[in-house]
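Since the structure comes first, as structure tokens, the remarks are kept for the end.
Residue numbers (this note's numbering): 6 to 351.
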């Protein structure tokens, strides 16, 4: 079968229960000869390729991991929907001339929710609303008083009420999914703890990664094959000595998304190897390409950690300055000599 959308899943589930060997093939790898395009011709072409051994099976995890994949992906979709609903609340507040988001970073925190619920209940006094601030937000009471001077109409209160209810419902569902995922990932707690030691990767990110990758690296030939499967390596497209586009190839978009998020978090820590590597690449190729490079480095680390079950080894931010010290010294001497100086090493 070619893996078009989700249509292969019900057939694969039946064959799996009957213990019938099934090969799922990437549709891009088995495109037929142009012309005479019909479903019957496609089926004949696929059968012909299989008979001659010209198809390559895609990685299909076991049923337990597929279930974990579905629930982690669903949790991530709900988190995204909650973020979109918060953006809608922010849009309604802007229409009311309320600048709550300019003072409180997270309007979904305790202070923000308390103020929003008070607005929904009909409170309009900016002083009374600002007094609902809690924790660190108490230091911004004067700013809140200025930010909460606006006019809220009845239809806007109704919109805010439904939006807050929606966010609360989504948060409850996400909590239920979190507890369910916690139970389903008990058998891989060791791998989660090992990935959690990598800078930029937390438990939730580790759960998402292991749901997509699995804990066994035997299905991948090597780290290059693993990187190619995830879609974090550049294309190799060359003709007549001329290099074409080298954009990263298509791969598992879920793995790619979570690793780029983790890379963005990792490069904020100036004491890590990832920060040092990011600075070197960003100076030459730009920040976006540098983030992809960091995500690729993290993926290589994940491959060896899961394969050997060894903890992550931090190389440090001074890795490049100490890795090839003699070369750096000679390079600096050459730069000074070009300026007309004589250098003596002690």
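Every residue gets a Cβ at the ideal spot worked out from N, C-alpha and C, and that includes glycine. Predicted, not measured: the structure shown is a model, and the values here were computed from it.
Quiz item: Straight-line CA distance for residue 261 to residue 217?
Solution: Each residue's alpha carbon lies about 10 Å from the other.
Practice problem: Determine the closest residue to residue 304 out of 293, 15 and 317, with distance taken between C-alpha atoms. | Solution: 317
Self-check item: Buried versus exposed call for residue 213 [16 or more other C-beta atoms within 10 Å across all chains shown]
Solution: buried
Quiz item: So, is residue 308 buried or exposed, given that buried needs 16 or more other C-beta atoms within 10 angstroms?
Solution: buried
Exercise. Return helix, strand or coil for residue 221, following the three-state DSSP convention.
Key: coil
Practice problem: Would you mind reading off the limits of the alpha helix (DSSP H) that contains residue 143? | Solution: Run containing residue 143: none; DSSP gives neither H nor E here.
Exercise. State the beta-bridge partners of residue 253 as determined by DSSP.
Key: 239
Self-check item: Buried versus exposed, by CB contacts within 10 Å (16 or more), residue 25
Solution: exposed
Quiz prompt | Cβ distance (whole Å) where residue 86 is taken to contact residue 165 below 8 Å | solution = Actually they are not in contact, since the Cβ atoms of residue 86 and residue 165 sit about 17 Å apart, beyond 8 Å.
Quiz item: Does the Cβ-Cβ distance between residue 146 and residue 135 come in under 8 Å?
Solution: Yes, the pair counts as a contact, with Cβ atoms nearer than the cut-off.
Exercise. Counting only the same chain and skipping the five closest in sequence on each side, list residues whose C-beta sits under 6 Å from that of residue 338.
Key: 348
Practice problem: Check whether the stretch 61-78 touches the stretch 97-114, taking contact to mean three or more Cβ pairs, one atom from each stretch, closer than 8 Å. | Solution: no
Quiz item: DSSP on residue 247, reduced to helix/strand/coil?
Solution: strand
Quiz item: Is it true that the CB of residue 281 sits closer than 8 Å to the CB of residue 324?
Solution: yes
Quiz item: For residue 157, which residues of its own chain have a beta-carbon under 7 Å away from its beta-carbon, when the five flanking residues on both sides are left out?
Solution: Around residue 157, the same chain offers 101, 124 and 129 as residues with beta carbons nearer than 7 Å, after the five sequence neighbours per side are excluded.
Self-check item: Residues near residue 211 in its chain [Cβ-Cβ closer than 7 Å; skip 5 each side]
Solution: 197, 200 and 201
Quiz item: If we count Cβ pairs, one from each stretch, closer than 8 Å, do we get three or more for the stretch 226-238 versus the stretch 295-302?
Solution: By the Cβ criterion, the stretch 226-238 is in contact with the stretch 295-302, since at least three pairs of Cβ atoms, one from each stretch, lie closer than 8 Å.
Practice problem: For residue 312, I'd like the list of residues in its chain whose CB is within less than 8 Å of its CB, leaving aside the five on either flank, ordered along the chain. | Solution: 222
Quiz prompt | Buried versus exposed, by CB contacts within 10 Å (16 or more), residue 163 | solution = exposed
Exercise. Measure the alpha-carbon distance for residue 335 versus residue 78 and round it to whole angstroms.
Key: 51 Å
Quiz item: Excluding five sequence neighbours on each side, which residues of the same chain lie with their C-beta closer than 8 Å to the C-beta of residue 179?
Solution: 80, 83, 84 and 87
Quiz item: Based on Cα-Cα distance, which residue from 27, 55 and 120 lies nearest to residue 64?
Solution: 27
Quiz item: From residue 148 to residue 204, what does the alpha carbon distance come to, in whole angstroms?
Solution: About 36 Å.
Practice problem: Express the C-alpha separation of residue 51 and residue 40 in angstroms, rounding to a whole number. | Solution: 15 Å
Quiz item: When burial is assigned at 16 or more other CB atoms within 10 Å of the CB, is residue 127 buried or exposed?
Solution: Flag for residue 127 reads exposed.
Quiz item: Out of 151, 208 and 255, which has the shortest C-alpha to C-alpha gap to residue 240?
Solution: 255
Practice problem: Kindly indicate the opening and closing residues of the alpha helix (DSSP H) around residue 128. | Solution: Counting along the chain, residue 128 sits inside no alpha helix (DSSP H), nor does DSSP assign it H or E at all.
Quiz item: What residues in its chain sit with their C-beta under 6 Å from that of residue 206, if we drop five residues either side in the sequence?
Solution: Around residue 206: 200 and 267.
Quiz item: Using the rule of at least 16 other Cβ atoms within 10 Å of the residue's Cβ for burial, across every protein chain shown, is residue 245 buried or exposed?
Solution: By the 10 Å Cβ count, residue 245 comes out exposed.
Self-check item: Integer Cβ distance of residue 359 from residue 109, believed to fall under 8 Å
Solution: This structure cannot speak to residue 359, because the chain is shown only from 6 to 351.
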